[in-house]
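Residue numbers (the working numbering), protein chains in the order written: chain A, 1 to 109; chain B, 110 to 218; chain C, 219 to 327; chain D, 328 to 436.
Don't be surprised by glycine CBs; every beta carbon is placed ideally from N, CA and C.
What follows is one structure encoded as structure tokens, with my remarks underneath.
Number of protein chains: 4
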Amino acid sequence: MSDLEQVIEELIRFRNERDWEQFHNSKDLAIAISIEANELLEQFLWKKEEGADRERIKEELADVFLFGLLLVHKHGFDLKEILLEKIRINAEKYPVSKSKGSAKKYDQL
Amino acid sequence: MSDLEQVIEELIRFRNERDWEQFHNSKDLAIAISIEANELLEQFLWKKEEGADRERIKEELADVFLFGLLLVHKHGFDLKEILLEKIRINAEKYPVSKSKGSAKKYDQL
Amino acid sequence: MSDLEQVIEELIRFRNERDWEQFHNSKDLAIAISIEANELLEQFLWKKEEGADRERIKEELADVFLFGLLLVHKHGFDLKEILLEKIRINAEKYPVSKSKGSAKKYDQL
Amino acid sequence: MSDLEQVIEELIRFRNERDWEQFHNSKDLAIAISIEANELLEQFLWKKEEGADRERIKEELADVFLFGLLLVHKHGFDLKEILLEKIRINAEKYPVSKSKGSAKKYDQL
Numbered sequence: 001m002s003d004l005e006q007v008i009e010e011l012i013r014f015r016n017e018r019d020w021e022q023f024h025n026s027k028d029l030a031i032a033i034s035i036e037a038n039e040l041l042e043q044f045l046w047k048k049e050e051g052a053d054r055e056r057i058k059e060e061l062a063d064v065f066l067f068g069l070l071l072v073h074k075h076g077f078d079l080k081e082i083l084l085e086k087i088r089i090n091a092e093k094y095p096v097s098k099s100k101g102s103a104k105k106y107d108q109l
Numbered sequence: 110m111s112d113l114e115q116v117i118e119e120l121i122r123f124r125n126e127r128d129w130e131q132f133h134n135s136k137d138l139a140i141a142i143s144i145e146a147n148e149l150l151e152q153f154l155w156k157k158e159e160g161a162d163r164e165r166i167k168e169e170l171a172d173v174f175l176f177g178l179l180l181v182h183k184h185g186f187d188l189k190e191i192l193l194e195k196i197r198i199n200a201e202k203y204p205v206s207k208s209k210g211s212a213k214k215y216d217q218l
Numbered sequence: 219m220s221d222l223e224q225v226i227e228e229l230i231r232f233r234n235e236r237d238w239e240q241f242h243n244s245k246d247l248a249i250a251i252s253i254e255a256n257e258l259l260e261q262f263l264w265k266k267e268e269g270a271d272r273e274r275i276k277e278e279l280a281d282v283f284l285f286g287l288l289l290v291h292k293h294g295f296d297l298k299e300i301l302l303e304k305i306r307i308n309a310e311k312y313p314v315s316k317s318k319g320s321a322k323k324y325d326q327l
Numbered sequence: 328m329s330d331l332e333q334v335i336e337e338l339i340r341f342r343n344e345r346d347w348e349q350f351h352n353s354k355d356l357a358i359a360i361s362i363e364a365n366e367l368l369e370q371f372l373w374k375k376e377e378g379a380d381r382e383r384i385k386e387e388l389a390d391v392f393l394f395g396l397l398l399v400h401k402h403g404f405d406l407k408e409i410l411l412e413k414i415r416i417n418a419e420k421y422p423v424s425k426s427k428g429s430a431k432k433y434d435q436l
């Protein structure tokens, strides 16, 4: 069993012990991911680029991943596969020749 | 090498080929995670709970994970460890006896 | 009629001509505000503090306000009143003596 | 003086008393808008479309507007003008003939 499968197993046990699957529809999970992403972002508000507290980054980032994994699990995605596939898609959207050293969005390259 | 380590290796290669590390400070990575989370969320806008397109969920969710992994890598976090640790913290914030079947936030239990 | 009442009147006419009230429940309007806020935020991604394009800020910020006004209208809020009231609440959470020159959150003052 | 000008005047007094202008660059204001939008959104998490508490909606929505007004003020925008202009732009993106009764995004009409 891979590392992440073990995390998902723990996460589903945590969810089931609390009888929370009833709340975890895909739309609310997506809302939760955005909320957690903004709790992470709040650690950087009014601060310099590396000014946030490492422990708080760790905790808030973990919550983003945990809700993300619940959505992965709900849809039966193979996480490794979808991530490698998305890197390939992004590589096509951002060819090295056009995007090297540039922070421009693909539709402005 | 674990599955995720392989993804991170691909991701760092993708980033380095484009010379993008210069842009990837922690604050902007957190901003990127929030933006991608909202592109995911947009798939559900004005729709029912399971009304979003599966392929689009897959792609947008992958982008959330990819920027999340860049932040994990930047800070040298052990992803499995921080996720298991956060599940433990959440389990203490939400004791089964108080939270079973309830969607209330921990500070309102 | 105040300036904002005129904007809301135009906005409701725009909405009604398209028969969109059926989609505008409070939850989806809140989702829309978050999505638009992140389209605004995207203008600043990988850029310096004042590096975003003024025209794009204008357009994306306007969308945040427009969905905000739809939620104001839906609930029959008096916008001026709720804003002045919130400034008073924030003034109590952030007493000048403790918060002057500090970017700390109220629960850490 | 219009209603909103009075709100902005109060808001700037609140800010100046705390010497907070130093923190309010455009990028962090945009971050703050996203964070507040997600605190608003959190009121709806795991709930039905109209299930959020009216008082909490009022407070969190007010914070979105207040940070929005700080960004409006910083850039010297005429709020009424930019909102009416954006309604016109949206009306072109969403012609009545194509978008009536449809929740599709303009690029999928």
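Which one of D:I414, D:H351, D:S424 has the shortest CA to CA distance from L330 (chain C)? With chain C covering only 219 through 327, there is no way to say anything about residue 330 (chain C).
State the Cα-Cα distance for the pair F404 (chain D) and L331 (chain D), rounded to the nearest angstrom. Note on geometry: alpha-carbon atoms of F404 (chain D) and L331 (chain D) lie some 13 Å from one another.
Quick one: does I249 (chain C) have its CB under 8 Å from some CB of chain A? The beta carbon of I249 (chain C) sits closer than 8 Å to some beta carbon of chain A.
Where does K266 (chain C) land, buried or exposed, given buried means 16+ other C-beta within 10 angstroms? Around the beta carbon of K266 (chain C), a 10 Å sphere encloses fewer than 16 other beta carbons of the protein chains shown; the residue is thus reported as exposed.
Could you confirm whether any beta carbon from chain C is found closer than 8 Å to the beta carbon of D330 (chain D)? Yes - at least one Cβ of chain C is within 8 Å of the one on D330 (chain D).
Outcome for L436 (chain D) when other beta-carbon atoms lying within 10 angstroms are tallied against a minimum of 16: Answer is exposed; the Cβ neighbour count stays below 16.
Neighbour list for N38 (chain A) in chain B, Cβ cutoff strictly below 7 Å: By Cβ distance, chain B contributes S143.
Starting from N125 (chain B) and walking both ways along the alpha helix (DSSP H), at which residues does that stretch end? 112-126 is the span of the alpha helix (DSSP H), which, as asked, contains N125 (chain B).
In chain order, what residues of the region 182-216 of chain B put their CB closer than 7 Å to some CB of chain D? For the region 182-216 of chain B, the residues whose beta carbon sits under 7 Å from a beta carbon of chain D are, in order, A212.
Is it the case that the Cβ atoms of L388 (chain D) and V314 (chain C) are separated by a distance below 8 Å? The Cβ atoms of L388 (chain D) and V314 (chain C) lie no closer than 8 Å to each other.
Where D63 (chain A) falls: helix, strand or coil (DSSP): Residue state, collapsed to three classes: helix.
8 Å Cβ cutoff, F283 (chain C) in contact with chain B: Not closer than 8 Å to any Cβ of chain B, the Cβ of F283 (chain C) fails to qualify, so no.
Since I82 (chain A) contacts K167 (chain B) with CB under 8 Å, what's their CB separation in whole angstroms? About 5 Å separates the two Cβ atoms, so the contact holds.
Going by C-alpha to C-alpha distance, which of A:L79, A:F44, A:K105 sits closest to S2 (chain A)? The candidate whose alpha carbon is nearest that of S2 (chain A) is A:L79.
Residue-level contact to chain B via CB, R56 (chain A), 8 Å cutoff: Under the Cβ criterion of 8 Å, R56 (chain A) is not counted among the residues facing chain B.
Please name the residue in C:I249, C:G269, C:H293 whose C-alpha comes closest to that of K104 (chain A). Here the closest residue by C-alpha is C:G269.
Alpha helix (DSSP H) segment containing L247 (chain C), residue limits: That run of the alpha helix (DSSP H) goes 244-260.
Quick one: any contact between the region 10-23 of chain A and the region 235-254 of chain C, if contact means 3 or more CB pairs under 8 Å? The region 10-23 of chain A vs the region 235-254 of chain C: no contact.
List the residues of chain A whose Cβ lies closer than 7 Å to the Cβ of E126 (chain B), in chain order. At a beta-carbon threshold of 7 Å, the residues of chain A lying near E126 (chain B) are V96, ordered along the chain.
Give me the Cα-Cα distance between F262 (chain C) and E10 (chain A), rounded to the nearest whole angstrom. Whole-angstrom Cα-Cα distance: 37 Å.
Specify the secondary structure class of S211 (chain B) as computed by DSSP and reduced to three states. In the structure shown, S211 (chain B) sits in coil (DSSP, three-state: anything other than H, G, I, E or B).
Burial state of K245 (chain C), where buried means 16 or more other Cβ atoms lie within 10 Å: Flag for K245 (chain C) reads buried.
Does any CB atom of chain A fall closer than 8 Å to the CB of F341 (chain D)? By this cut-off, F341 (chain D) is not an interface position.
Which full runs of the beta strand (DSSP E) of 3+ residues lie inside the region 171-206 of chain B, going along the chain? Correct list: empty.
Under 8 Å by Cβ, that's how I've got N256 (chain C) and S426 (chain D) pegged, so tell me the actual separation to the nearest angstrom. Contact between N256 (chain C) and S426 (chain D) is ruled out by a C-beta separation of about 23 Å, above the 8 Å threshold.
Which residue wins for smallest C-alpha separation from I90 (chain B), given the options B:S211, B:E201, B:L178, B:Y203? Shown here, chain B extends from 110 to 218; a query on residue 90 (chain B) therefore has no answer.
Among residues of its own chain, excluding the 5 on either side of V391 (chain D), which ones have a beta-carbon nearer than 7 Å to its beta-carbon? Once the five neighbours on either side are set aside, the close Cβ partners of V391 (chain D) are I360, E363, A364, L367.
Helix, strand or coil for S434 (chain D) per DSSP? Contrary to the premise, residue 434 (chain D) reads as Asp rather than Ser in this sequence. Correct three-state label for D434 (chain D): helix.
Let me know if D89 (chain A) comes out buried or exposed under the rule of 16 or more other beta-carbons within 10 Å of its beta-carbon. In the sequence as presented, Asp is not what sits at residue 89 (chain A); that position holds Ile. A residue is called buried once 16 or more other Cβ atoms fall within 10 Å of its Cβ, and I89 (chain A), having fewer, is exposed.
What would DSSP say about K266 (chain C), mapped onto helix, strand or coil? Correct three-state label for K266 (chain C): coil.
Note down, in chain order, every chain A residue with its Cβ under 8 Å from the Cβ of W264 (chain C). Within chain A, the residues near W264 (chain C) are A103.
A418 (chain D) and F232 (chain C) closer than 8 Å at C-beta: In this structure, A418 (chain D) sits near F232 (chain C), with a CB-CB distance shorter than 8 Å.
Excluding the five sequence neighbours on either side, which residues of its own chain have a C-beta within less than 6 Å of the C-beta of Y94 (chain A), listed in chain order? Excluding residues up to 5 positions away in sequence, Y106 lie with their Cβ nearer than 6 Å to the Cβ of Y94 (chain A) in the same chain.
Take R163 (chain B) as the anchor and find which of A:Q6, A:H75, A:W46, A:D53 has the nearest alpha-carbon. Nearest to R163 (chain B) by alpha-carbon distance, out of A:Q6, A:H75, A:W46, A:D53, is A:H75.
Contact set between A151 (chain B) and chain C, taken where Cβ atoms lie within less than 7 Å: Just to set this straight, residue 151 (chain B) is Glu in the shown sequence, not Ala. Here the neighbours are I253.
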